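Novice: Submitted below is the structure of interest, expressed as structure tokens.
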Amino acid sequence: MKSVRSSVISLLLLVFVSVSAFAQAQTREVTGRVTNASGQPLPGVLVAIAGQSAGVRTNERGEFRLSVPNGDVTVVARTIGYKRGTQRIASGASSADFSLEKDVLELEGVIVTGAATSVERRNAATAVAVVSAEALARVPAQSLEGALQGKVIGASINMNNGAPGGGGQIQIRGASSLIGRIDPLIIVDGVAISNAVRSNMQSSLTGSLNAGEENGTNRLADINPNDIANVEVLKSAAASAIYGSQATNGVVIITTKRGREGAPRFNFTQRLGTSQLIRKQGSRHFAGLADALSEIGANNEGIAAATAVCSATSCPYYDYQGELYGRKSPSYESVMSLSGGVGSTRYYASGSDKQEAGIAMNTGARRQSLRANIDQNVGDRITISLGSNLLRSFSQRGISNNDNAFSSPLYGFAYTPAIIDLKTKNDLGQYTLNPFAGGGTLKGSNPFQTFDIMQNNEDVYRLIFSGKANWAAYSGEKNNLNFSIQGGADRYSNENYIRAPQTLQFQAAGTTEGGTFPGAIVQGNGTERLTNVTTSAVWAFTPGWVSATTSAGVQLQDRAYNDYNIVGRGLGPQQSVAAGAQNINITDRQEKSRTQAGYGQEELLLLGERLYLSGAIRGERASLNGDPNKIFYYPRASASYRFTPRLRGFDELKIRTSLGVSGNQPSYGDRFLALTSYGIIGGLPAYGLPGTIGNPNIKPERLNEFETGLDGSFLNQRMRVEATYYNRKLTDLLVRPQLAPSTGINATVVNGGEMTTKGYEMGLTLVPVQRNDLTWTSRTTWYQSRADITSFPPGVQPFTTGTAAGGFGNAYGRLRFAPGHTVTTIWGNASVNGATVGNQPLADANPKYVMSFGNDFSYKSLNFNVLVDYRRGGTISNMTLNLFDEGANTWDYDKPSPDPTVGATLGAYRYNLWGGGANTAAYLVDGSFTKVREVNLSYDLPTRMAARFRGAQSGKISFSARNLFIFSGYNGFDPEVNNGGNFVARFVDLSPFPPSRSFWLSLDLGF
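With the numbering used here applied, the sequence shown corresponds to residues 1016 to 2022, in that order.
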């Protein structure tokens, strides 16, 4: 902290020295108007001197006033969605008008290159994905991750499952760590925010393996997509190196909407929607009592239940999946925003309330948001920007994924013949106990009873605050000097409440989970605070033949986390709190960390702004490292060149290349040597080493990446091509060595492994039709990536993850990290020379390639948009199918067997081929799919029609659908699986919450 304080003081001294060294240049004022091709005024357009990022915005009439130095000057007008306009204004001129054309290919815009700098997209030297507000909000999604699916080349975005409230994981350019953090850094208006997933201790009630199976949401799901102006994804190390040891997994930069000068503008959106199960697998239809008894086995309660309802030639059938996941209740979303600007003040305020109904009873989610953004000019040289966002996210997500009490519905249904009515209550309001799953009523559960009675709530309150002050210390004809300070805070409280009373079948006395303490309650809360501040100085030198931007600054980030859970077992009647339970267990955890950094950067634009050169370095130290005072350096360099080939049909071609280094900090606890309590020995408190210890020499993982590619526009900007190749080498990987049992230590983490990731990304945007009243824009993307482990340090043998996300052992297929194999290799049992041998490489969870097809059609006031995703390959461990086959209850169980000598029916064939896990490959299946991700049809209302809505000036009606269809040969709900949450490979399908398709009818009004 002392060094950071010294750096800040030095920077402030530099301010005064620099300002005193420059004389104020004489300026003049240029006025003008910016319109579109049809002559309509364009408000909010940035008008600035060429080579400068600061300027003025046009008002609601498209008018601007810009102070420029005396002498000839070049002025640029640009805004998102339009091609730039450039004019050379002579020394005696005082006016300039611009007419901007639509930017259908999205060639314009700026890309973030540093904490306080950016570069125009046409000069960017790295592949950066930008998703606009229109693309995000076109079709409502459960969360921001869902809205980004299929829109970022090179990013694998998977939702956790189909439970309401959303939440998912973003993986950029494949695996970038084995056991370290793999999710990208999230920045909102310059503030690093948390994307944590908190354990709610549901596993303590259901017997599931770990927190990854508890169906939690990550905190990015709190963010309201309606407030976002654009999302920028920095994929390469050269682009993200400025963020140092937090950037190996990429950076997602979210910029929220802000006000612009002009009269107040009020917008209101009302949406009405519903969701429904996409795919219903069903279960086996039994031909008669003998058929049913063959599945039930030696279970007297089950035999009695089947005998009571089945005859020799028939059994009833109940559609359990359709009944439990068949709810189609309405969902609602209301969004309001007010924006404008008066004089030197601009403002944007919004409020939203989204209520999402789940497809299962007593499931749903609600997200509420209040936002206020204010920009204030103080004189001609100081600009202050403030933003605040108050959020509340509430969800009821039920139970899903693996468990050991048959309480997860699909887990229980797998072993329950669908021959008795589990949904209907008797006259006393009691559910039928399930006599089948687990071997009797003391071992199973009734999912309908569970979802009706059990409470599983998550309630999050969150405040994100951001602020930035910029001082244009000097503005001259060739020199501009700016100083800025930017920072903010993100704080949330995540409260969980689970109540499973003893009236639940699986929590009753004597059951597997209820035992001698029937009924359970979990109460907990996790709070996290992230604060960060960045001070920067930016000097722009534009003598004419070059545009040079030099920047430097310091950064400080603090994190504090506090978490506790109280698990109470043995509840009294109607008991709703843990206090008073017969057995209470409390867990708590605290974490604190700090990162300090300084950086410097140089950017050059040469040869008429065609050649772009950039170099930067960041020095950083962090308390999570073994030596918290050691500084690690992260350099980068990049270059691009734009040229116009003398060939017909070529508009412009840009070649780019970059080198960069970024890092990945160790996890909390990898460094620390913490003592654990050994109880009371000899009447005194005793402490000793825990089974897992920290490593005082731990350091960040290190990524070195080379990227090269090209971007081109052709046919008078009717076609755009982008192609990228990257080669990543990761060193100092965090790995787990094997330790001798005599040490008494179970696990530790060391550096030393190496892996490489290579990949290709391609995009093609076409405008096949562009007429006065009809436009068709088509965009196709393709990418593939492969990550290989090249070496481990001495003493480190191939190891597994030990988490549900990495699989459930050799019998079902699991991740096992070994040099010479891909990170995503699935290992398991196989027959070698007639004997079953474990740890055999069998398949790869990584897809061969992924494609996306987007088409936008606009005809007069009608707009139609469709987005389709395609994944080729990627093996899945279909454990849900294994469960149903084991229970002889699969929907296709009685279909003909491919080989009757192995099994008489198809289901028996699969299960016998698996051989109790001896042949893992029996349930390793292809995960290819085609998914209609988004469909939207909208109509812009005529002015007279819109005016009927209380005088609205504009209006739009739209009908949209998300996840409309899945086309796949996969024998399950959805091949896009993510059991266990965020991890390097997502290949386990184990009784998930089924995904749903959603439909929305929206009305948008502008006043």
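Just so you know, even glycine gets a beta-carbon here, dropped at the ideal spot from N, CA and C.
Keep in mind the model is a prediction, meaning the values are calculated, not measured.
#1: Output the residue ranges of the beta strand (DSSP E) runs that lie fully inside the stretch 1470–1537 and measure 3 residues or longer, sorted by chain position.
#2: Write down every uninterrupted run of the beta strand (DSSP E) in the stretch 1546–1630 whose length is 3 residues or greater and which is fully enclosed by it, in chain order.
#3: Check this for me: beta carbons of Gly1129 and Gln1157, under 9 Å apart or not?
#4: Let me check understanding here. Comparing Cα to Cα, which of Thr1050, Glu1316, Leu1789, Phe1879 lies closest to Phe1974?
#5: Among the residues of its own chain, which have a CB less than 7 Å from the CB of Leu1730, if the five just before and after it don't count?
#6: Quick check on Leu1151: does DSSP put it in helix, strand or coil?
#7: Given Arg1294, which residues of its chain have a CB within under 6 Å of its CB, disregarding the five upstream and five downstream residues?
#8: Alpha carbon to alpha carbon, what distance is there between Ala1452 and Tyr1426?
#9: Count the other CB atoms, across all protein chains shown, that sit within 10 Å of the CB of Glu1949; report buried if there are 16 or more and exposed otherwise.
#10: Report the CB separation of Asn1485 from Thr1550 in whole angstroms; it is logged as a contact under 8 Å.
#11: Could you tell me how far apart the beta carbons of Met1777 and Thr1796 are, in whole angstroms, since I believe they sit closer than 8 Å?
#12: Evaluate the contact criterion for the stretch 1423–1438 versus the stretch 1479–1495: three or more CB pairs, one atom per stretch, below 8 Å.
#13: Would you call the CB atoms of Ala1207 and Asn1547 closer than 9 Å?
#14: Rounded to whole angstroms, what's the CA-CA distance from Ser1290 to Ser1344? Just pull it up for me.
#15: Rounded to whole angstroms, what's the CA-CA distance from Leu1621 to Arg1743? Just pull it up for me.
#16: Would you call the stretch 1779–1799 and the stretch 1809–1816 touching, i.e. three or more CB-CB distances under 8 Å?
#17: Of the residues Leu1882, Met1960, Gly1828, which one's Cα is nearest the Cα of Arg2001?
#18: Does DSSP put Gly1889 in a helix, in a strand, or in coil?
#19: According to DSSP, Asn1880 sits in a beta bridge with which residue or residues?
#20: Mind pulling the beta strand (DSSP E) runs of 3 or more residues that sit fully within the stretch 1259–1301?
#21: Please go through the stretch 1738–1794 and give each complete beta strand (DSSP E) segment of 3 or more residues, from N-terminal end onward.
#22: Starting from the Cα of Ile1708, find the closest Cα among Trp1554, Val1765, Thr1141, Asp1112 and give me that residue.
#23: If contacts are defined as beta-carbon pairs under 8 Å, then Met1376 and Arg1407 qualify, I think. What distance do you get, rounded to the angstrom?
#24: Is the beta carbon of Gly1634 closer than 9 Å to that of Ala985?
#25: On the three-pair Cβ rule with 8 Å, is the stretch 1842–1858 touching the stretch 1786–1795?
#26: Whose CA, out of Arg1604, Met1174, Gly1205, lies closest to the CA of Thr1232?
#27: Please classify Tyr1335: does DSSP put it in a helix, a strand, or coil?
#28: I need the boundaries of the alpha helix (DSSP H) containing Asp1859, first residue and last residue.
#29: Using only CA atoms, which one of Arg1686, Asp1726, Thr1739, Phe1721 lies nearest to Ile1713?
#30: I'd like to confirm the pairing. Which residues does DSSP put opposite Thr1398 in its beta bridges?
#31: With 16 other CB atoms within 10 Å as the buried threshold, where does Gln1164 fall?
#32: Under the three-state reduction of DSSP, which class applies to Tyr1340: helix, strand or coil?
#33: With 16 as the cutoff for other CB atoms within 10 Å, does Ser2011 come out buried or exposed?
#34: Going by alpha carbons, who is nearest to Ser1109 out of Val1090, Ala1065, Thr1565?
#35: Could you tell me if Gly1444 is buried or exposed, where buried requires 16 or more neighbouring beta carbons within 10 angstroms of its beta carbon?
#36: Measuring CA to CA, which of Ser1499, Asp1442, Ile1104 is closest to Gly1205?
Specialist: From the atom records:
#1: 1470–1490, 1494–1515
#2: 1561–1584, 1598–1621
#3: no
#4: Phe1879
#5: Gly1664
#6: helix
#7: Phe1988
#8: 9 Å
#9: buried
#10: That belief does not hold up - the Cβ atoms of Asn1485 and Thr1550 are roughly 11 Å apart, past 8 Å.
#11: 7 Å
#12: no
#13: yes
#14: 7 Å
#15: 29 Å
#16: no
#17: Gly1828
#18: coil
#19: Asp1871, Asn1951
#20: 1266–1271, 1277–1292
#21: 1765–1785
#22: Val1765
#23: Met1376 to Arg1407, Cβ: 23 Å. No contact.
#24: This structure leaves residue 985 out entirely; the chain is present only between 1016 and 2022.
#25: no
#26: Met1174
#27: helix
#28: First-last for Asp1859: 1850–1859, but that is the beta strand (DSSP E), not the alpha helix (DSSP H).
#29: Arg1686
#30: Asn1392, Asn1485
#31: buried
#32: coil
#33: buried
#34: Val1090
#35: exposed
#36: Ser1499
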